[in-house]
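In UniProt numbering, the protein residues as written are 1 to 98. Using N, Cα and C, we set each Cβ at its ideal position, and we do this for glycine too. No experiment lies behind these values; they were computed from the predicted model shown. As structure tokens, the structure follows; a few thoughts come after it.
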């Protein structure tokens, strides 16, 4: 699966929030359908998120935060993002691998 292509498609047709704080907030509000984290996302953040929201799948991609930000066409590093509405992308087919 080409993560960058699906992320761009999801951003243009759906709703994705970026950043650890916004991701945590979306999970707490029950809006999150999938969380995507970078390869160098802090392990304690991933553990805390997985334990406090076990119903939300967390998928870790092999990209570091700078590469994940570039894949999302953002001029800043992205260590975590949350899929609220996938739009026409196949992002929800990613399974939890954390």
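Would you give the residue range spanned by the alpha helix (DSSP H) that residue i belongs to?
i, result
"residue 27", "20 to 29"
"residue 6", "3 to 13"
Classify residue i as buried or exposed, calling it buried when 16 or more other Cβ atoms lie within 10 Å of its own Cβ.
i, result
"residue 18", "buried"
"residue 75", "exposed"
Which one of the options has the shortest CA to CA distance from residue i?
i, options, result
"residue 32", "57, 63, 47, 41", "57"
"residue 64", "30, 36, 26, 28", "36"
"residue 82", "1, 11, 5", "11"
"residue 5", "26, 72, 41", "72"
Can you tell me the Cα-Cα spacing of residue i and residue j, whole angstroms?
i, j, result
"residue 53", "residue 90", "22 Å"
"residue 16", "residue 70", "15 Å"
"residue 94", "residue 78", "18 Å"
"residue 105", "residue 88", "Lying before the first or after the last residue shown, residue 105 is absent from the chain, which here runs from 1 to 98."
"residue 47", "residue 39", "14 Å"
By Cβ distance, which residues of its chain are closer than 8 Å to residue i, with the 5 residues on each side in sequence left out?
i, result
"residue 130", "Only positions 1 to 98 of the chain appear in the structure, and residue 130 is not among them; the question remains open."
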